[in-house]
Amino acid sequence: KQEVTQIPAALSVPEGENLVLNCSFTDSAIYNLQWFRQDPGKGLTSLLLIQSSQREQTSGRLNASLDKSSGRSTLYIAASQPGDSATYLCAVLPNLFYNQGGKLIFGQGTELSVKP
Amino acid sequence: GAGVSQSPSNKVTEKGKDVELRCDPISGHTALYWYRQSLGQGLEFLIYFQGNSAPDKSGLPSDRFSAERTGGSVSTLTIQRTQQEDSAVYLCASSKRTGTGNSGANVLTFGAGSRLTVL
Chain A
123 KQEVTQIPAA LSVPEGENLV LNCSFTDSAI YNLQWFRQDP GKGLTSLLLI QSSQREQTSG
183 RLNASLDKSS GRSTLYIAAS QPGDSATYLC AVLPNLFYNQ GGKLIFGQGT ELSVKP
Chain B
3 GAGVSQSPSN KVTEKGKDVE LRCDPISGHT ALYWYRQSLG QGLEFLIYFQ GNSAPDKSGL
63 PSDRFSAERT GGSVSTLTIQ RTQQEDSAVY LCASSKRTGT GNSGANVLTF GAGSRLTVL
């Protein structure tokens, strides 16, 4: 059974720091991996999607990497800002569900706080 | 609409009562998903609708949970005889279609969720 783990559960950093969020998964048979952002009282926003054949994706100050063989992904946030404060969720789409693109398996998230 | 709309945003009910949660997906999105987010836990898949196909109910935790999608658009998640462990945020998401490829069509758009509290 696929399990997704995110460490740490919470992280507090001063503004301007570069930081890395970690995601690990137990079964490497994944079709893709996504990073989401969740703000209190709001829905999830998709940040980056990495297909299994890719090694990384970049969007602005965000860079996500994927090492399928080791079951790991990282989300790198450069020059963090208070507006980055949110919960970041990692989710994998198992190969078994490749044609059911929303049957994702989520980690529990990392709650990020960026202090001014 | 511009986004996925869910109602009510908050619902407090007594144990044993039935509740209905509504999801209005983005117009034209054929795939619709319900997830549950319990305190301290990750999102848990509940049910999935794709077009006119029979729904995938594999994630529903018990037969007290059911969902329907009328006219390929609005969906209602019903929880009968609610229990305290049903307390959670219920999230709905939709996408243009399911399938393979790198296109953004498979990216889910989530609603803000319905927070259910069972006393």
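In the order they appear, the protein sequences are chains A and B.
Numbered by the numbering used here, the letters in the first sequence go through residues 123 to 238 in order.
Numbered by the numbering used here, the letters in the second sequence go through residues 3 to 121 in order.
Cβ atoms here follow ideal geometry from the backbone N, Cα and C, with glycine treated the same way.
Everything numeric in this text was worked out from a predicted model, so none of it was measured.
Inset, instruction - Please go through the same chain and pick out, in chain order, the residues whose beta-carbon is closer than 6 Å to the beta-carbon of phenylalanine 67 of chain B, but skip the five residues on each side of it. - result: Excluding sequence neighbours, phenylalanine 67 of chain B sits near Ile81.
Legend entry - Beta-carbon contacts of serine 1 of chain B that lie in its chain and below 8 Å, excluding the five residues immediately before and after: The structure shown does not extend to residue 1 of chain B, since chain B is modelled only from 3 through 121, so no value can be given for it.
Legend entry - Proximity below 8 Å, CB of leucine 188 of chain A to CB of serine 181 of chain A: no
Inset, instruction - Taking only beta-carbon positions, decide if leucine 226 of chain A is within less than 8 Å of chain B. - result: At least one CB of chain B lies nearer than 8 Å to the CB of leucine 226 of chain A.
Inset, instruction - Express the C-alpha separation of lysine 19 of chain B and serine 150 of chain A in angstroms, rounding to a whole number. - result: 42 Å
Inset, instruction - State the beta-bridge partners of phenylalanine 158 of chain A as determined by DSSP. - result: A/Ser168, A/Leu211
Legend entry - Cβ pair leucine 234 of chain A, serine 192 of chain A closer than 8 Å: no
Legend entry - Inter-residue spacing [alpha-carbon to alpha-carbon] between isoleucine 49 of chain B and tryptophan 36 of chain B: 5 Å
Inset, instruction - Kindly indicate which three-state DSSP category leucine 62 of chain B falls into: helix, strand or coil? - result: coil
Inset, instruction - Could you name the residues of the same chain whose beta carbon sits closer than 8 Å to that of glutamate 137 of chain A, not counting the 5 residues immediately before and after it, in chain order? - result: Correct list, in chain order: Ser202, Gln203, Pro204, Val236, Lys237, Pro238.
Legend entry - Of the listed residues A/Ile199, A/Tyr198, A/Lys190, A/Ala200, nearest to valine 126 of chain A (C-alpha basis): A/Lys190
Legend entry - Residues that glycine 115 of chain B contacts on chain A, provided the C-beta gap is smaller than 7 Å: Gly165
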